[in-house]
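A.B. asks: First the structure, which I've put down as structure tokens, then a few questions once you've had a look.
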Amino acid sequence: MARFLGPEQLGLAALLILTAQFFESVSDNGSDRFLIQDRDGDVPAVQKLVQLVFVGRGFFIGLGLLIAAYPMAYLYKEPALASALMILAISPLIGGWVHLDFRRAQRRHDFRAEAVGLGLAEITSTVAIIIAAYYTQSFTAVLYGLIARSIVQVIVSHTMAQRPYAIGYSPEYAKRLALFAGPLLINGLLLFVGSQGDRVLIGHQLGVKDLGYYTAVLLLISSPASMITRVLGATNLPLISATRGDLGRLKVAAGRLAGRTLLLSLAMAAGFALVAPFFVVLLYGPQFHQPMTLVALIGILQAARFIRLWPTNVALGMGLSHIVMLNNIARLVALPVAIVGFLAIGGLSGIVVGFIVGEFTALIVALVLLNRQVGFNAWDGFDRVAAFAAALAAIFGAAWAVETDRYACVALFWSLLVIVAAWVALRERATITEVLGLLRTLKPARR
Numbered sequence: 022m023a024r025f026l027g028p029e030q031l032g033l034a035a036l037l038i039l040t041a042q043f044f045e046s047v048s049d050n051g052s053d054r055f056l057i058q059d060r061d062g063d064v065p066a067v068q069k070l071v072q073l074v075f076v077g078r079g080f081f082i083g084l085g086l087l088i089a090a091y092p093m094a095y096l097y098k099e100p101a102l103a104s105a106l107m108i109l110a111i112s113p114l115i116g117g118w119v120h121l122d123f124r125r126a127q128r129r130h131d132f133r134a135e136a137v138g139l140g141l142a143e144i145t146s147t148v149a150i151i152i153a154a155y156y157t158q159s160f161t162a163v164l165y166g167l168i169a170r171s172i173v174q175v176i177v178s179h180t181m182a183q184r185p186y187a188i189g190y191s192p193e194y195a196k197r198l199a200l201f202a203g204p205l206l207i208n209g210l211l212l213f214v215g216s217q218g219d220r221v222l223i224g225h226q227l228g229v230k231d232l233g234y235y236t237a238v239l240l241l242i243s244s245p246a247s248m249i250t251r252v253l254g255a256t257n258l259p260l261i262s263a264t265r266g267d268l269g270r271l272k273v274a275a276g277r278l279a280g281r282t283l284l285l286s287l288a289m290a291a292g293f294a295l296v297a298p299f300f301v302v303l304l305y306g307p308q309f310h311q312p313m314t315l316v317a318l319i320g321i322l323q324a325a326r327f328i329r330l331w332p333t334n335v336a337l338g339m340g341l342s343h344i345v346m347l348n349n350i351a352r353l354v355a356l357p358v359a360i361v362g363f364l365a366i367g368g369l370s371g372i373v374v375g376f377i378v379g380e381f382t383a384l385i386v387a388l389v390l391l392n393r394q395v396g397f398n399a400w401d402g403f404d405r406v407a408a409f410a411a412a413l414a415a416i417f418g419a420a421w422a423v424e425t426d427r428y429a430c431v432a433l434f435w436s437l438l439v440i441v442a443a444w445v446a447l448r449e450r451a452t453i454t455e456v457l458g459l460l461r462t463l464k465p466a467r468r
């Protein structure tokens, strides 16, 4: 899409998606996860209630897009945004009718329905966007993909469901759902500011073209990271929920998730810094070339966002949704720091540094609150955070050294990274052994 459209049209597509994500975030009450976390999540009345909430949410997002269409077009001086946002309202109206039986199945650790639905929806969406981008040469190509994704998700969810679809209100469970979803509803707006604030600030301060450059690089890591986050979060949430009342089992489950997120985060940041500078040009063309340090910073930002899955998923599994909300309040520090970074450092790099600071602040706050709430040692997990920070510093240092032709420093920073990686491998040897064992079971049997 970036190669077909160029940075300016890609920036407009990013604005389209950002507007939709704003309304998705402010209406995200986590009610589907209530089906997994709550002891009565398997009861038909609960599922009907949650599906009713989803239908209402779809109408809310659609109405929000219609109302925001002309103000957004006026704000960015792009008249075409208005009609595009109106058409985009179709997507949430369709998506609200998704059958949530796949969430109920996850109580039994059955993730097949979600995996099939997510996989088919993403493939269909990607193909639709590519074809539309080729023929339209316009940012509106993203509309075809988003609407197609909603249609496929709804069809697959109904096809693979075991229960008939129904919606209904249940006074018995509505109060309990409200107590669970309330903090997450407030959290939605905070989540948008924390996770999308970088693009909003870039679009406002630097313009649509720079937003297009930034989005193109970010998508190379954020898209796969988002997929992994969904899978890892969905598969670990029922495991953590099952440990309620048993501190020993909870510590084991939380430690397993922490190890996986740490290893994956470091692999993301290091791998992205190593290959992304070349892949950006290869995939998008020379006009999208960006400095190696900026690419490394974008990878570091996404890795810092990803590792927060560890404390927030544990908190959700224990029903402590207020910790997730407070964690996202802490992320708001990113905005003033990003503005200072923009003024002091300048350009995209200054803004990204500010949001990295916000992610680390949120990670630390979440760990402190979680350890206190569930009864872990106050410093539990902070050795992982320290190793993570040291590794990211080494990755950025190596990128800076390569960019400035300081090759002696390259060797120094990579040596530091190897040392930290060795410590992490030793620290997470149980997780690594578990993953390797799982991979061996996936090998085809010899004939």
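Numbering-wise (my numbering), the sequence shown opens with residue 22 and increments by one. Cβ coordinates follow ideal geometry from the N, Cα and C atoms, glycine included.
Identify which residue in I57, G83, A103 has its Cα closest to the Cα of Y91.
C.D. replies: Here residue 91 refers to the residue found at position 70 when the sequence shown is read from its first residue. When each option's Cα is compared against that of Y91, the closest is A103.
A.B. asks: If you drop the 5 nearest sequence neighbours on each side, which residues of the same chain put their C-beta closer than 7 Å to that of A101?
C.D. replies: Indexing the sequence shown from 1 puts residue 101 at position 80. So the list is empty, once near-sequence residues are dropped.
A.B. asks: When we look at the beta-carbon of K69 and count the other beta-carbons within 10 Å, is it buried (16 or more) or exposed?
C.D. replies: Counted from its first residue, the sequence shown places residue 69 at position 48. Buried.
A.B. asks: Can at least three beta-carbon pairs, one atom from the stretch 242-258 and one from the stretch 198-214, be found at a separation below 8 Å?
C.D. replies: As far as the Cβ criterion goes, the stretch 242-258 does not touch the stretch 198-214, which means the pair count is below three.
A.B. asks: Mind reading off the beta-carbon distance from M346 to L205? Whole number of angstroms is fine, and I expect it under 8 Å.
C.D. replies: Translated into the one-based positions of the sequence shown, residue 346 becomes position 325. Translated into the one-based positions of the sequence shown, residue 205 becomes position 184. Indeed, because the Cβ distance is near 7 Å, the residues count as touching under 8 Å.
A.B. asks: Starting from the Cα of L139, find the closest Cα among G117, I115, V406, R170 and give me that residue.
C.D. replies: In the sequence shown, the residue the question calls residue 139 occupies position 118. For the residues G117, I115, V406, R170, the minimum Cα distance to L139 belongs to R170.
A.B. asks: At what residues does the alpha helix (DSSP H) containing G218 begin and finish?
C.D. replies: Translated into the one-based positions of the sequence shown, residue 218 becomes position 197. Element bounds for G218: 192-226.
A.B. asks: As a quick exercise: from T282, A134, V71, L87, pick the residue whose alpha carbon is nearest that of E193.
C.D. replies: The sequence position of residue 193 within the sequence shown is 172, counting from 1. Closest option to E193, Cα to Cα, is V71.
A.B. asks: Beta-carbon within less than 6 Å of R326's beta-carbon, same chain only, minus the 5 sequence neighbours each way: which residues are those?
C.D. replies: In the sequence shown, residue 326 corresponds to position 305, counting from 1. Cβ within range, chain order: E380.
A.B. asks: Would I321 and L283 be called neighbours here (beta carbons separated by less than 8 Å)?
C.D. replies: Taking the first residue of the sequence shown as 1, we reach residue 321 at position 300. Taking the first residue of the sequence shown as 1, we reach residue 283 at position 262. It is not a contact, given that the beta carbons lie outside the stated cut-off.
A.B. asks: Just tell me which of I176, Y95, G166, A94 has its CA closest to the CA of G117.
C.D. replies: For the purposes of this step, residue 117 is taken as residue 96 along the sequence shown, with counting starting at 1. When each option's Cα is compared against that of G117, the closest is I176.
A.B. asks: What number of angstroms, rounded off, separates the C-alpha of V273 from the C-alpha of F299?
C.D. replies: Here residue 273 is taken as the residue at index 252 of the sequence shown, counted from 1. Here residue 299 is taken as the residue at index 278 of the sequence shown, counted from 1. Spanning the two alpha carbons is a distance of roughly 40 Å.
A.B. asks: Measure from the alpha carbon of Y234 to the alpha carbon of each residue in L26, E455, R448, A443, then state which is nearest.
C.D. replies: In the sequence shown, counting from the first residue as 1, residue 234 sits at position 213. Ranking the options by Cα distance to Y234, first place goes to L26.
A.B. asks: Beta carbon of G362, beta carbon of V374: below 8 Å?
C.D. replies: The residue you call residue 362 lines up with position 341 of the sequence shown. The residue you call residue 374 lines up with position 353 of the sequence shown. Contact: yes.
A.B. asks: Check this for me: beta carbons of F376 and G218, under 8 Å apart or not?
C.D. replies: Mapped onto the sequence shown, residue 376 falls at position 355. Mapped onto the sequence shown, residue 218 falls at position 197. Yes. Within cutoff.
A.B. asks: Along the chain, which unbroken stretches of the alpha helix (DSSP H) at least 4 residues long are found entirely within the stretch 367-408?
C.D. replies: Here the runs fully enclosed are 368-395.
A.B. asks: Nearest-angstrom Cα distance between N334 and L391?
C.D. replies: In the sequence shown, counting from the first residue as 1, residue 334 sits at position 313. In the sequence shown, counting from the first residue as 1, residue 391 sits at position 370. Approximately 11 Å, taken between the alpha carbons.
A.B. asks: So F123 and A134 are in contact, right, with Cβ under 8 Å, and what is the actual spacing, rounded?
C.D. replies: Translated into positions along the sequence shown, residue 123 becomes position 102. Translated into positions along the sequence shown, residue 134 becomes position 113. With a Cβ gap of about 4 Å, F123 and A134 count as contacting.
A.B. asks: Classify L232: buried if its beta carbon has 16 or more other beta carbons within 10 angstroms, exposed otherwise.
C.D. replies: One-based indexing of the sequence shown puts residue 232 at position 211. Looking at its Cβ environment, which holds 16 or more other Cβ atoms inside 10 Å, L232 is buried.
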